[in-house]
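Going by this note's numbering, the residue at position 29 of the sequence shown is 29; the numbering climbs one at a time, nothing skipped. Ideal placement from N, C-alpha and C gives every residue a C-beta, glycine not left out.
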Amino acid sequence: MTGEPTASRDVVVVGGGVAGLSAAVYTARQGLDTLVVDPGGSILRRNARLENFPGFPLGVDARRLLDLLGEQAETAGADRLDARVARVSPVDGDPDPAADAADGARFVVATDDGDRTRARHVVAATKNEVGYLADLDGVAIVDRGKEYVDADERGRTGVAGLYAAGRLARKPHQAAVCAGHGAEVAVTLLEESDEPFYHDWVAPEGYFTDRDRDVPPGCEEIDADERREREAAALDATRERFAEPHPDPQETHPSLED
Ligand SMILES: Cc1cc2nc3c(=O)[nH]c(=O)nc-3n(C[C@H](O)[C@H](O)[C@H](O)COP(=O)(O)OP(=O)(O)OC[C@H]3O[C@@H](n4cnc5c(N)ncnc54)[C@H](O)[C@@H]3O)c2cc1C
1 MTGEPTASRD VVVVGGGVAG LSAAVYTARQ GLDTLVVDPG GSILRRNARL ENFPGFPLGV
61 DARRLLDLLG EQAETAGADR LDARVARVSP VDGDPDPAAD AADGARFVVA TDDGDRTRAR
121 HVVAATKNEV GYLADLDGVA IVDRGKEYVD ADERGRTGVA GLYAAGRLAR KPHQAAVCAG
181 HGAEVAVTLL EESDEPFYHD WVAPEGYFTD RDRDVPPGCE EIDADERRER EAAALDATRE
241 RFAEPHPDPQ ETHPSLED
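Encoded structure:
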């Protein structure tokens, strides 16, 4: 066993491209302690101009979108670790005397750097990288020239607590589809966890309560002042984020690099 005694999380998301970051937004917003592990290799960084992502009628710099999604996951409460996951192992095969056995962890997630995190849930969102799942019995890998994880529509893999999201789950090679699937997988995880959950909605004040309903778990009612305050903060932030072109260069296919 290497490294420090293992930290424990509700959710570890392996892969912080559009699928993984979208999943993290949803799990973190519901209060699940969420960690996203990613070394910064989203294939979307190779895009020249993203013109089909909903909400950007004139397109958006793909690197900007990844930054914004990362910021959104952090704003929701997720932590991010710049690292590559080397192994996800069953917790039973990896007893840690210093760990809290009552944390409900099913997995230990280990990075190349020796960081170890126990996790109740793992969302795998690594496009075509599957090697780190080799220790988990019951993960079916599909080889179609590239490797994918066999998962049902909601991202369930057959291993309790392990989900696959985005391209890794053989979703179409489109950013919006993979982001949407990340969100769907997170909602599935929330529905299957112990946390009470209805929908992640922000509704106007009275939407539920004026009809003698409690605000359902996962939902929030906000009044007009709160709505205006949030809108003002969002406008300021958006102006700042889009004030200048993104500084990062468009990446290219490794085979075209010098
Ligand atoms: C040149 C090009 C242009 C494109 N243009 C468009 C476009 O215009 N419109 C569109 O809709 N789609 C476009 N795409 C497709 C789009 O980029 C993908 O469909 C989308 O990024 C898939 O999302 P994902 O989250 O599943 O994978 P990714 O975004 O690739 O994210 C996977 C993440 O997993 C991480 N990872 C891998 N292994 C590990 C590990 N062991 N540990 C931790 N992290 C790991 C990587 O660092 C990466 O960040 C384009 C793709 C390319 C190549």
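Exercise for review: Give the range of the alpha helix (DSSP H) segment to which Thr-27 is assigned.
Suggested key: The count along the sequence shown starts at 1 and reaches residue 27 at position 27. Note, Thr-27: alpha helix (DSSP H), 18-29.
Review point. Between the C-alpha atoms of Thr-75 and Leu-136, what's the straight-line distance to the nearest angstrom?
Key: Indexing the sequence shown from 1 puts residue 75 at position 75. Indexing the sequence shown from 1 puts residue 136 at position 136. So the alpha carbons of these two residues sit roughly 32 Å apart.
Check your understanding: Where Gln-250 and Glu-257 are concerned, what is the direct C-alpha to C-alpha distance, given to the nearest angstrom?
Key -> For the purposes of this step, residue 250 is identified with residue 250 of the sequence shown, where counting begins at 1. For the purposes of this step, residue 257 is identified with residue 257 of the sequence shown, where counting begins at 1. Computed Cα separation, rounded: 12 Å.
**Study point:** Helix, strand or coil at Met-1 [DSSP, three-state]
**Key:** Residue mapping note: residue 1 aligns to position 1 of the sequence shown, counting from 1. With a pLDDT of only 47 at Met-1, under 50, the local geometry of the prediction cannot be trusted, and no value is derived from it.
Check your understanding: If we count the other Cβ atoms within 10 Å of its Cβ and call it buried at 16 or more, is Ala-28 buried or exposed?
Key -> For the purposes of this step, residue 28 is taken as the residue at position 28 of the sequence shown. Ala-28 comes out buried.
Practice item. Consult DSSP for Leu-136 and reduce its assignment to one of helix, strand or coil. Key: One-based indexing of the sequence shown puts residue 136 at position 136. In this structure, Leu-136 counts as coil in the three-state DSSP scheme.
Check your understanding: Cβ-heavy atom distance between Ile-141 and ligand 1 below 6 Å?
Key -> Locating residue 141 in the sequence shown gives position 141, counting from the first residue. Every heavy atom of ligand 1 is 6 Å or more from the Cβ of Ile-141, so no.
Review point. Taking 6 Å as the cut-off, is the CB of Cys-178 close to at least one heavy atom of ligand 1?
Key: The residue labelled residue 178 in the question sits at position 178 within the sequence shown. Answer for Cys-178: yes, Cβ within range of ligand 1.
Exercise for review: Determine the extent of the beta strand (DSSP E) in which Asp-100 is found, giving its start and end residues.
Suggested key: Within the sequence shown, numbered from 1, the residue matching residue 100 stands at position 100. Here Asp-100 belongs to no beta strand (DSSP E), and DSSP marks it neither H nor E.
**Study point:** Distance between Asp-94 and Pro-245 (C-alpha atoms, nearest Å)
**Key:** Reading the sequence shown from its first residue, position 245 is the one you call residue 245. Reading the sequence shown from its first residue, position 94 is the one you call residue 94. Each residue's Cα considered, the two are about 47 Å apart.
Practice item. Per DSSP, which residues does His-121 bridge with? Please list them. Key: Taking the first residue of the sequence shown as 1, we reach residue 121 at position 121. His-121 is bridged to Val-11.
Point to revise | heavy atom of ligand 1 below 6 Å from Asp-38 C-beta | key: Stepping through the sequence shown from its first residue, residue 38 is reached at position 38. True, at least one ligand heavy atom lies under 6 Å from that Cβ.
Review point. Near Val-142, what residues of its chain come up, given a Cβ to Cβ distance below 6 Å and the 5 sequence neighbours on each side ignored?
Key: Position 142 of the sequence shown, counted from the start, is the residue given in the question as residue 142. Same-chain partners within the cutoff: Tyr-148, Asp-150.
Practice item. With a 10 Å radius around its C-beta and 16 neighbouring C-beta atoms as the bar for buried, classify Ser-22 as buried or exposed. Key: Position 22 of the sequence shown, counting from 1, holds the residue named residue 22. Ser-22 comes out buried.
Review point. Which runs of the beta strand (DSSP E) fall wholly inside the region 164-237 and span at least 3 residues, in chain order?
Key: 202-204, 220-222
Review point. Where does the unbroken alpha helix (DSSP H) through Ala-76 begin, and where does it stop?
Key: Walking along the sequence shown from the start, residue 76 turns up at place 76. It spans 62-76 - the alpha helix (DSSP H) in which Ala-76 sits, taken as one unbroken run.
Check your understanding: Across which residues does DSSP place Arg-116 in a beta bridge pair?
Key -> Here residue 116 refers to the residue found at position 116 of the sequence shown. Ala-110.
Check your understanding: Ser-255: buried (16+ other C-beta within 10 angstroms of its C-beta) or exposed?
Key -> Stepping through the sequence shown from its first residue, residue 255 is reached at position 255. Exposed, since its Cβ has fewer than 16 Cβ neighbours within 10 Å.
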